[in-house]
Amino acid sequence: MPDVSSKQMKLLYFAWVRERVGCGAEDVELPEGVATVSDVVGWLKGRGPGFAEAFARPELVRAAVDKVHVKPAASIDGAREIAFFPPVTGG
Amino acid sequence: MPDVSSKQMKLLYFAWVRERVGCGAEDVELPEGVATVSDVVGWLKGRGPGFAEAFARPELVRAAVDKVHVKPAASIDGAREIAFFPPVTGG
Amino acid sequence: MIRVQTEDFDIGAEVKALTSGRTDIGALVTFTGLVRDSNGGTVASMELEHYPGMTEKELSRIEAEANERWPLQASLIIHRVGKLSPGDNIVLVVTASAHRQAAFDAASFLMDYLKTRAPFWKREETGDKSHWVDARESDGEAAAKWDT
Amino acid sequence: MIRVQTEDFDIGAEVKALTSGRTDIGALVTFTGLVRDSNGGTVASMELEHYPGMTEKELSRIEAEANERWPLQASLIIHRVGKLSPGDNIVLVVTASAHRQAAFDAASFLMDYLKTRAPFWKREETGDKSHWVDARESDGEAAAKWDT
Chain Z
103 MPDVSSKQMK LLYFAWVRER VGCGAEDVEL PEGVATVSDV VGWLKGRGPG
153 FAEAFARPEL VRAAVDKVHV KPAASIDGAR EIAFFPPVTG G
Chain C
103 MPDVSSKQMK LLYFAWVRER VGCGAEDVEL PEGVATVSDV VGWLKGRGPG
153 FAEAFARPEL VRAAVDKVHV KPAASIDGAR EIAFFPPVTG G
Chain B
32 MIRVQTEDFD IGAEVKALTS GRTDIGALVT FTGLVRDSNG GTVASMELEH
82 YPGMTEKELS RIEAEANERW PLQASLIIHR VGKLSPGDNI VLVVTASAHR
132 QAAFDAASFL MDYLKTRAPF WKREETGDKS HWVDARESDG EAAAKWDT
Chain H
32 MIRVQTEDFD IGAEVKALTS GRTDIGALVT FTGLVRDSNG GTVASMELEH
82 YPGMTEKELS RIEAEANERW PLQASLIIHR VGKLSPGDNI VLVVTASAHR
132 QAAFDAASFL MDYLKTRAPF WKREETGDKS HWVDARESDG EAAAKWDT
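Chains as they are written, first to last, in our numbering: chain Z, 103 to 193; chain C, 103 to 193; chain B, 32 to 179; chain H, 32 to 179.
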């Protein structure tokens, strides 16, 4: 059974994900059963129209757990920070 | 029958070809029958020990006719300047 | 060495700092990415957003990987963030090696990886409109070719 | 643009001159070749001989060929001649394009062709001995790969 404190999470949003969500960073308490990045996205989509729009096509959104690129299926067990953003366009 | 004046030629030597030949540039009168770069090399080899040494292994020497890289079989018809040098090592 | 900064960089000064007093470098390659006015005079400015902390982490990882793959005497990545104008420098990559092939390949690799992994996002301002630059599929393909 | 000179060059100044006031360049690559002490501290100096007239002709031809093969916004080749010391600059190649692949490929092409076609010869002075640097077979192979 997961530690309750592990559900405290910092979420970060960048570029158009940030603009649609309406904020760049927030601290959230994730509900029970949210175990993967994909689960987080599913939960976020129900939090309001901005979130629904930002994650309407989840395949366009990339994620990083504790500043490391991950796939949607990645576990968030032990994570402190999850970031969501479009494909990068630097360089 | 080739024009006699066409046999007046400027010869240039670079790098170790120049050192072995003993000079960097000279004006020569090529004998009848010397029609290709290879012929010139053959004629040069008989001009003294320095020349013999410089062209002892003709495959190590490159040539340019009027400042354009050529193969040994290239004609020297109409040429004004022939240069001999080792493979280039710039850059 | 990696740096994320708002200020411009000076290619000549960066190269001098890397090579000064050394005699083991035979080949040095620099790549500079600049803000290009891709719309023919209509792009007024560009805003570069990034993910502080992750950016440095990714750039360091990419640089370390280049140094594992090629024998480099020196390497440097500088990426600017914030507001930039057409013609401005965006990114500088420098690689130095004994021979040219390693320097060329490492610089090309660094750019390909940076383009697909470093968390930067560009927004172009055109007149009173702005849009986020789309990722290019060709960048993903360019990065994938190093996986072989 | 091509230049053969005894003086050193300043990468930063050359790049600035090529890019200043332009907004159509997205990618700029420089390659610098330096005198490397390949014998571990024993090379005292290097003498670069060339074939005046033919050198300029060949460099111009190579540069023109690069501009035919890739869409370049700017290109530059500077090659030094005369006496050089370990750590000194020998050659600078700069290529600028809208996109990075063209700039990288063109710079690499220019160096490969220059190495096998431009009439320069290096003599290394080591203590009281000197020897002419041998041409590298790998340079011929590198140049040949562009023929396909």
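We put the CB at the ideal spot given by N, CA and C, even for glycine.
Evaluate residue i with the Cβ neighbour count: other Cβ atoms within 10 Å of its Cβ, from every protein chain shown; 16 or more gives buried, anything less gives exposed.
i: K176 of chain B; result: exposed
i: H162 of chain H; result: exposed
i: E161 of chain Z; result: exposed
i: G126 of chain C; result: exposed
i: E134 of chain C; result: exposed
i: K160 of chain B; result: exposed
i: A154 of chain C; result: exposed
i: E172 of chain H; result: exposed
i: A44 of chain H; result: exposed
i: E38 of chain B; result: exposed
i: F40 of chain B; result: buried
i: E168 of chain B; result: exposed
Rank the options by C-alpha distance to the C-alpha of residue i and give the top, closest one.
i: G152 of chain C; options: C:I178, C:L162, C:M111 and C:G124; result: C:G124
i: V66 of chain H; options: H:Q132, H:T179 and H:K114; result: H:K114
i: G118 of chain H; options: H:R34, H:T63 and H:D178; result: H:T63
i: A137 of chain C; options: C:K169, C:P174 and C:P188; result: C:P174
i: R53 of chain H; options: H:V124, H:R167, H:N98 and H:Q104; result: H:Q104
i: R100 of chain B; options: B:K88, B:S91, B:F140 and B:R131; result: B:F140
i: A95 of chain B; options: B:A58, B:Y144, B:R167 and B:F135; result: B:Y144
i: R120 of chain C; options: C:L132, C:A156, C:A176 and C:V142; result: C:A156
i: N98 of chain H; options: H:M85, H:I121, H:E168 and H:F135; result: H:F135
Return the CA-CA distance between residue i and residue j, expressed in angstroms with no decimal places.
i: K147 of chain Z; j: S116 of chain B; result: 36 angstroms
i: M142 of chain B; j: Q36 of chain B; result: 17 angstroms
i: I178 of chain Z; j: V167 of chain Z; result: 7 angstroms
i: G72 of chain B; j: G192 of chain Z; result: 21 angstroms
i: A129 of chain B; j: R149 of chain C; result: 42 angstroms
i: V163 of chain C; j: E87 of chain B; result: 53 angstroms
i: K109 of chain C; j: G144 of chain C; result: 15 angstroms
i: E128 of chain C; j: I109 of chain B; result: 54 angstroms
i: A8 of chain B; j: P189 of chain Z; result: With chain B covering 32 to 179 only, the question about residue 8 of chain B has no answer from this structure.
i: D68 of chain H; j: G57 of chain H; result: 35 angstroms
i: V172 of chain Z; j: A149 of chain B; result: 13 angstroms
i: S91 of chain H; j: K169 of chain Z; result: 49 angstroms
i: R122 of chain Z; j: Q132 of chain H; result: 34 angstroms
i: P102 of chain H; j: V74 of chain B; result: 22 angstroms
i: T61 of chain H; j: I121 of chain H; result: 13 angstroms
i: E89 of chain H; j: A174 of chain H; result: 15 angstroms
i: G84 of chain B; j: L59 of chain B; result: 29 angstroms
i: D141 of chain Z; j: E183 of chain Z; result: 15 angstroms
i: A127 of chain B; j: A166 of chain H; result: 22 angstroms
i: F187 of chain Z; j: I33 of chain B; result: 23 angstroms
i: L132 of chain C; j: D55 of chain H; result: 55 angstroms
i: F151 of chain H; j: V164 of chain H; result: 11 angstroms
i: V125 of chain H; j: V125 of chain B; result: 14 angstroms
i: I93 of chain H; j: I93 of chain B; result: 34 angstroms
Are the CB atoms of residue j and residue i within a distance shorter than 8 angstroms?
i: A181 of chain Z; j: M111 of chain Z; result: yes
i: A117 of chain Z; j: V139 of chain Z; result: no
i: D170 of chain H; j: K146 of chain H; result: yes
i: L114 of chain C; j: V130 of chain C; result: no
i: L107 of chain H; j: I42 of chain H; result: no
i: A82 of chain H; j: A185 of chain C; result: According to the sequence displayed, residue 82 of chain H carries Tyr and not Ala. Contact: yes.
Can you pull the chain E neighbours of residue i, defined as C-beta to C-beta under 7 angstroms?
i: R34 of chain B; result: Of the protein chains in the structure, Z, C, B and H, none is chain E.
Below 8 angstroms, can you find three or more Cβ-Cβ pairs linking the segment 151-161 of chain B to the segment 68-85 of chain B?
yes
Is it a yes or a no for the segment 100-114 of chain H touching the segment 32-48 of chain B, going by three-plus beta-carbon pairs under 8 angstroms?
no
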